[in-house]
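**Student:** Under my numbering, the residues of the sequence shown are numbered 214 to 339, in order. There's a structure below that I have some questions on.
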Amino acid sequence: MRYGVVRTLAGGVVALGASGLLGGCGTLGGGPGEVCIDTKKAFQQYITQVRSVPASDPAQWRQATDKLAGRLDALSEKAEDDDLKKALKTEADQLRAAAPAVGGGDVAQLDTVMKETPARIGKACE
């Protein structure tokens with residue numbers, strides 16, 4: 214049953230690609246520019262990776278989620294804008310906290326994080 218939840222989350226992650234996060238991060242006018250573009254790329258790569266992971270192998274979801282958290286930490290260090298730096302660090306911390314449960318097939322916490330991502334990071338990239 215838990216693998217059905219992973220499949221459901223996969224759809225949610227795909228929907229993230231069409232959300233304000235990925236749309237807003239590509240905006241160059243007046244926003245934090247390069248870090249937002251790199252953040253968009255990191256999420257796109259994450260989406261591509263998790264879409265290819267079998268629902269029966271949640272450990273790969275954990276690895277991908279941990280990797281994304283690490284990339285966001287690195288991007289937060291590059292960010293000059295304090296709001297963006299804070300948003301990226303918060304996102305990384307929440308992804309890292311959700312990763313162990315994802316590895317066990319429970320994606321509820323990751324789903325919550327992903328639902329909040331567009332508001333948190335997208336706003337900082339405006």
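Cβ coordinates follow ideal geometry from the N, Cα and C atoms, glycine included. In this text, all values refer to a predicted model and were calculated from it rather than measured experimentally.
Quick check on this structure: which residue in Ala-311, Gly-335 and Ala-255 has the alpha carbon closest to the alpha carbon of Arg-275?
**Tutor:** As a first step, residue 275 must be located in the sequence shown, where it is residue number 62. Nearest of Ala-311, Gly-335 and Ala-255 to Arg-275, Cα basis: Ala-311.
**Student:** Counting C-beta neighbours from all protein chains within 10 Å, is the total for Pro-331 16 or more, i.e. buried, or is it exposed?
**Tutor:** As a working mapping, residue 331 is identified with position 118 in the sequence shown. Per the 10 Å Cβ criterion, buried.
**Student:** CB-CB under 6 angstroms to Lys-291, same chain, minus the five flanking residues each way: which ones, in chain order?
**Tutor:** Taking the sequence shown and counting its residues from 1, the one referred to as residue 291 is at position 78. The residues are Val-248.
**Student:** Taking the continuous alpha helix (DSSP H) assigned at Gly-335, which residues delimit it?
**Tutor:** Counting from 1 along the sequence shown, the entry for residue 335 is found at position 122. Taken as a continuous stretch (DSSP letters only), Gly-335 belongs to no alpha helix (DSSP H), as it is neither H nor E.
**Student:** Tell me whether the region 253-270 and the region 296-304 touch, counting them as touching only if at least three CB pairs, one residue from each stretch, are closer than 8 angstroms.
**Tutor:** With a cut-off of 8 angstroms, the region 296-304 and the region 253-270 do not count as touching, because too few Cβ pairs lie within range.
**Student:** Using 10 angstroms around the beta-carbon of Ser-289, count the other beta-carbons present and answer buried if the total reaches 16, otherwise exposed.
**Tutor:** Position 76 of the sequence shown holds residue 289. It counts as buried.
**Student:** Going by C-alpha to C-alpha distance, which of Arg-264, Ile-250, Ser-265 and Ala-277 sits closest to Ala-314?
**Tutor:** For the purposes of this step, residue 314 is taken as residue 101 along the sequence shown, with counting starting at 1. It is Ala-277.
**Student:** Quick one: give me the first and last residue of the alpha helix (DSSP H) that Gly-316 is part of.
**Tutor:** What you label residue 316 is simply residue 103 of the sequence shown in a count that begins at 1. Gly-316 -> alpha helix (DSSP H) spans 295-316.
**Student:** With H, G and I counted as helix, E and B as strand and the rest as coil, what does DSSP make of Ala-199?
**Tutor:** The requested residue 199 is not part of the displayed model; the chain covers only 214 to 339.
**Student:** State the Cα-Cα distance for the pair Thr-255 and Gly-318, rounded to the nearest angstrom.
**Tutor:** On the sequence shown, position 42 is the one that residue 255 refers to. On the sequence shown, position 105 is the one that residue 318 refers to. The question names Thr, yet the displayed sequence has Ala at residue 255. One C-alpha to the other measures close to 23 angstroms.
**Student:** Suppose the cutoff is 6 angstroms on Cβ atoms and the five residues either side in sequence are ignored; what does the same chain contact list for Ala-337 look like?
**Tutor:** Locating residue 337 in the sequence shown gives position 124, counting from the first residue. If we look at Ala-337 and ignore the five residues flanking it on each side, its Cβ neighbours are Asp-296, Leu-297 and Ala-300.
**Student:** Could you give the distance in angstroms between the alpha-carbon of Glu-341 and the alpha-carbon of Val-266?
**Tutor:** Since the displayed the chain opens at 214 and closes at 339, residue 341 lies outside it and no answer follows.
**Student:** Following the continuous alpha helix (DSSP H) through Ala-321, name the residue where it begins and the one where it ends.
**Tutor:** As a first step, residue 321 is located in the sequence shown; it is residue number 108 there, counting from the start. 321-330 is the span of the alpha helix (DSSP H), which, as asked, contains Ala-321.
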